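Going down the list, the sequences are from chains A and B.
The opening residue of the first sequence carries number 1 in the working numbering; numbering runs sequentially from there.
The opening residue of the second sequence carries number 1 in the working numbering; numbering runs sequentially from there.
Positions of the beta carbon are idealized from the N, C-alpha and C atoms, including for glycine.
Just so we're clear, the structure is a prediction, and the values are computed from it rather than from any experiment.
Step one of this worksheet: look at the structure below.
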Amino acid sequence: MPAISREEVAHLARLARLAVTDEELDMFAGQLDVILGAVARVGEVAADDIPPTSHVVPLTNVLREDEPQPSIDREAVLAVAPAAEDGRFRVPRILDEDA
Amino acid sequence: MSAELIRLTAADTAAKIAAGEVTAVEVAHAHLDRIAAVDERVHSFLQVDADGALAAAEAVDTARASGEKLGPLAGVPLALKDVVVTKGLETTSGSKILKGWIPPYDATITTKMRDAGIVILGKTNMDEFAMGSSTENSAYGATHNPWDLDRTPGGSSGGSSAAVAAFEAPLSIGTDTGGSIRQPAAVTGIVGHKPTYGAVSRRGLIAFSSSLDQAGPFGRTVLDAALLHEVIAGHDPGDSTSLNVPVSQVVAAAREGAQGDLGGLTVGVVRELGGEGYEPGVEAAARETYARLEQMGAKVVEVSCPNFTYALAAYYLIAPSECSSNLARFDSVRYGLRVGDDGVNSLEDVMSLTREAGFGAEVKRRIMIGTYALSSGYYDAYYGQAQKVRTLISRDFAAAFETCDVLVSPATPTVAFRLGERVDDPMAMYAADLCTLPASLAGLPAISVPAGLSEGLPVGLQIMAPALADDRCYRVAAAVEASFGHPLIDDAPELHR
Chain A
1 MPAISREEVA HLARLARLAV TDEELDMFAG QLDVILGAVA RVGEVAADDI PPTSHVVPLT
61 NVLREDEPQP SIDREAVLAV APAAEDGRFR VPRILDEDA
Chain B
1 MSAELIRLTA ADTAAKIAAG EVTAVEVAHA HLDRIAAVDE RVHSFLQVDA DGALAAAEAV
61 DTARASGEKL GPLAGVPLAL KDVVVTKGLE TTSGSKILKG WIPPYDATIT TKMRDAGIVI
121 LGKTNMDEFA MGSSTENSAY GATHNPWDLD RTPGGSSGGS SAAVAAFEAP LSIGTDTGGS
181 IRQPAAVTGI VGHKPTYGAV SRRGLIAFSS SLDQAGPFGR TVLDAALLHE VIAGHDPGDS
241 TSLNVPVSQV VAAAREGAQG DLGGLTVGVV RELGGEGYEP GVEAAARETY ARLEQMGAKV
301 VEVSCPNFTY ALAAYYLIAP SECSSNLARF DSVRYGLRVG DDGVNSLEDV MSLTREAGFG
361 AEVKRRIMIG TYALSSGYYD AYYGQAQKVR TLISRDFAAA FETCDVLVSP ATPTVAFRLG
421 ERVDDPMAMY AADLCTLPAS LAGLPAISVP AGLSEGLPVG LQIMAPALAD DRCYRVAAAV
481 EASFGHPLID DAPELHR
């Protein structure tokens, strides 16, 4: 299997929203290479005509009557949030002001 | 008095409380005293909730005084893995990213245990987000095995296994994704059961790998584990994967098994769960236990499940893939840590800085493996292929269960390993789950029961059964326990230095 490069690990970290350090990149590049090399063994199994299992329990839509029920109190949820304002979660800026 | 109370089984504790021989408050105090005496060395607990425990115990005593009929575990103390949310009590899942988070609700199993009068002593240490096999991946320091404080208590539910093995609690709750109940039970000399997938509600379990995660009981005896199993199992409309079927009658099965008669039962020894990578002492203890099963009337045969050799590879693609998706919820917006919110950094910068600061190395590794395996171009070769292997593993089980009632193997390839021995070698750490992964991938019930010692350290026997036949695991486990005459934990060294 292809070796995974330091640049590829940096790309994965960006996709996964992990601001990894340079030292971590070095460590993870080696480790991910070993792990991916080991798990690539699944490719040895001839399984072209085998259906995949995503879940062992047959999943069906679970429906119920649409009756209003009490939910977790909003104030209780916001009280343990990193930042709240006017009854809502407060987030850092999403749009670039210069854009 | 205290010293005797902590060594009672859960069943006997509840009986004594119900009979008025001891109060639930006295039992709670005895365990809180024990925790105060030994937990500095064992570090089973992340949080001890003495006030909450004593209040719950007092409520049981009040109910008894007013003539209410108590449940079979009323007043019994329990240690709860920190992956299970508890209203008003900090829940971190072993991660810095949730440090200080006080959940606004109880998990379904938390509610069920409270309603049963179980006294929750506190929250136990674990590998961060249940990713690990030694509890060394906790952001809050390692837990030590009460049999040898230089060794790990297994993982990821190592705080829960150590708490029960150190007599800090007679019962605890763990969660098992790839072996995180069975492996720690095996290496600490106690009983741990992973129920059939869907038998126990996952609502309020902080998700790691949703198609695999399942909570289950730890106890020092099979009957104790069975009593707790029946409290937490059952359908939950709040979990769409919860099975709407009757709860397996595991308490009756444990009582039946304790009679020591396994006549008519066919036990399959899985050929692929042995050999290279397995310690000779572990294999010898397992073989001796198979002989015990035969002496009790079981027919023991060898079966082959060829695709089990691919379980490790399939698991370490499927679980990281699901975790990379599940842990996306830790985005610094709704709960937990937020780092770098200085008015200049964008939301995306803050997310990346928060996740970098809040997650440990193993969690980052798995998120990146999952991100890779789910990427377009790699999906078919990795995640897709792993899901097909999962089907083949289920088919191997189905074929084996055509001739066998249960399947058995060692629960772990080795006895408890030393702290630090595997932390820098992820593949060596993953190998600790070699025996437990097939049943996880197939969603089947499996138990680990003490099966003797190797070099003075506990060995666990794993018993696997078809879906919904959890009772078979308990029946055979209780027979194994009875054949030894007393719980193996009685042979554990007393904690003193």
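Am I right that B/Ala313 and A/Ala38 are in contact with their C-beta atoms under 8 Å? What's the rounded C-beta distance?
That pair is a contact at about 7 Å.
Would you mind working out which of B/Met296, B/Val27, B/Tyr197 sits nearest B/Ala479, comparing C-alpha positions?
Closest by alpha carbon: B/Met296.
Quick one: give me the first and last residue of the alpha helix (DSSP H) that B/Val48 is part of.
From DSSP, B/Val48 is part of no alpha helix (DSSP H) but of the beta strand (DSSP E) over 45 to 48.
Does the distance from the C-beta atom of B/Ala512 to that of B/Phe218 stay below 7 Å?
Here chain B covers residues 1 to 497 and nothing more, so residue 512 of chain B does not appear.
Below 8 Å, can you find three or more Cβ-Cβ pairs linking the stretch 404 to 417 of chain B to the stretch 435 to 454 of chain B?
Contact between the stretch 404 to 417 of chain B and the stretch 435 to 454 of chain B is present, because at least three Cβ pairs lie under 8 Å.
What residues in its chain sit with their C-beta under 8 Å from that of A/Asp73, if we drop five residues either side in the sequence?
Correct list: empty, nothing qualifies.
Does any CB atom of chain B fall closer than 7 Å to the CB of A/His55?
With 7 Å as the cut-off, A/His55 counts as an interface residue toward chain B.
Rank B/Ala298, B/Asn307, B/Leu212, B/Ala55 by C-alpha distance to the C-alpha of B/Gln385 and give the top, closest one.
Closest option to B/Gln385, Cα to Cα, is B/Asn307.
Please name the residue in B/Ala139, B/Gln183, B/Thr177 whose C-alpha comes closest to that of B/Gly158.
The residue with the shortest Cα to Cα distance from B/Gly158 is B/Gln183.
For chain A, is any of its Cβ atoms less than 7 Å away from the one on B/Asp341?
At least one chain A Cβ lies under 7 Å of B/Asp341.
What does B/Gly77 pair with, by DSSP beta-bridge criteria?
Going by the sequence as given, residue 77 of chain B is Pro instead of Gly. DSSP lists B/Val119 as partners of B/Pro77.
Does the beta-carbon distance from B/Val406 to B/Val267 come in below 7 Å?
Closer than 7 Å, so yes.
Near B/Ala166, which residues of its chain fall below 7 Å by C-beta distance, leaving aside the five closest residues on each side in sequence?
The residues are Val38, Val42, Ser44, Pro146, Leu495.
With C-beta atoms as the reference, is B/Tyr197 less than 7 Å away from A/Val56?
Contact flag set, yes.
By DSSP's criteria, B/Lys299 is part of a beta bridge. Which residues make up the other side?
DSSP, once it has assigned bridges, lists B/Thr266 as partnering B/Lys299.
Counting only beta-carbon atoms, is A/Leu18 nearer than 7 Å to chain B?
Answer yes: the Cβ-Cβ gap between A/Leu18 and chain B drops below 7 Å somewhere.
Should the stretch 197 to 206 of chain B be called in touch with the stretch 230 to 246 of chain B, which here means at least 3 C-beta pairs below 8 Å?
Because the criterion of three Cβ pairs below 8 Å is met, the stretch 197 to 206 of chain B and the stretch 230 to 246 of chain B touch.
Report yes if the C-beta distance between B/Ile447 and B/Ala477 is below 7 Å; otherwise report no.
Yes, Cβ-Cβ distance for B/Ile447 and B/Ala477 is below 7 Å.
List the DSSP bridge partners of B/Thr86.
Partner(s): B/Leu89.
Below 6 Å CB to CB, which residues in the same chain sit around B/Gly358 once its five sequence neighbours on both sides are set aside?
So the qualifying residues of the chain are Lys96, Ile97, Leu337.
Sort B/Ile17, B/Leu78, B/Val350 by Cα distance to B/Gly71 and report the nearest one.
Considering only alpha carbons, the answer is B/Ile17.
Between A/Val91 and chain B, is there a C-beta pair that is closer than 7 Å?
Yes - at least one Cβ of chain B is within 7 Å of the one on A/Val91.
Starting from the C-beta of A/Ala99, find all residues in its chain whose C-beta is less than 6 Å away, skip the five residues before and the five after it, and write them out in chain order.
Here the model assigns A/Ala99 a pLDDT of 47, short of 50, so the residue's position is not dependable, and the following value carries that caveat. Cβ within range, chain order: n/a, list empty.
At what residues does the alpha helix (DSSP H) containing B/Leu209 begin and finish?
Reading off the sequence, residue 209 of chain B comes out as Ser, not Leu. First-last for B/Ser209: undefined, no H or E at that position.
For the beta strand (DSSP E) containing B/Phe218, list its first residue and its last residue.
Run containing B/Phe218: 214 to 219, per the beta strand (DSSP E) assignment.
Interface residues of chain A around B/Thr289 at Cβ under 7 Å?
The contacting residues do not exist; B/Thr289 stays about 28 Å from chain A at best.
For B/Ala284 and B/Gly257, what's the separation of their Cα atoms in angstroms?
Answer to the nearest angstrom: the Cα atoms are 23 Å apart.
CB-CB under 6 Å to B/Leu273, same chain, minus the five flanking residues each way: which ones, in chain order?
For B/Leu273, where only same-chain residues beyond five positions count, the Cβ hits under 6 Å are Ser409, Cys435.
Assuming B/His229 is part of the alpha helix (DSSP H), what are its boundary residues?
That run of the alpha helix (DSSP H) goes 222 to 232.
Which residues in chain B have a C-beta closer than 7 Å to the C-beta of A/Leu12? List them in chain order.
In chain order: Met368, Thr371, Tyr372.
According to DSSP, is B/Val333 helix, strand or coil?
Coil at B/Val333, not helix or strand.
Span of the alpha helix (DSSP H) holding B/Ile173?
No alpha helix (DSSP H) holds B/Ile173; the beta strand (DSSP E) holding it covers 171 to 176.
Would you list, in sequence order, the uninterrupted alpha helix (DSSP H) runs of no fewer than 4 residues that lie entirely inside the stretch 97 to 153 of chain B?
108 to 115, all fully within the stretch 97 to 153 of chain B.
Would you say B/Ile109 and B/Ala215 are within 7 Å of each other, going by their C-beta atoms?
The answer is yes: Cβ separation under 7 Å.
Any idea what DSSP makes of B/His31, helix, strand or coil?
Note: B/His31 maps to helix in three-state DSSP.
With 16 other CB atoms within 10 Å as the buried threshold, where does A/Met1 fall?
Since pLDDT at A/Met1 reaches only 48, below the 50 mark, its modelled position is unreliable, and no value is offered.
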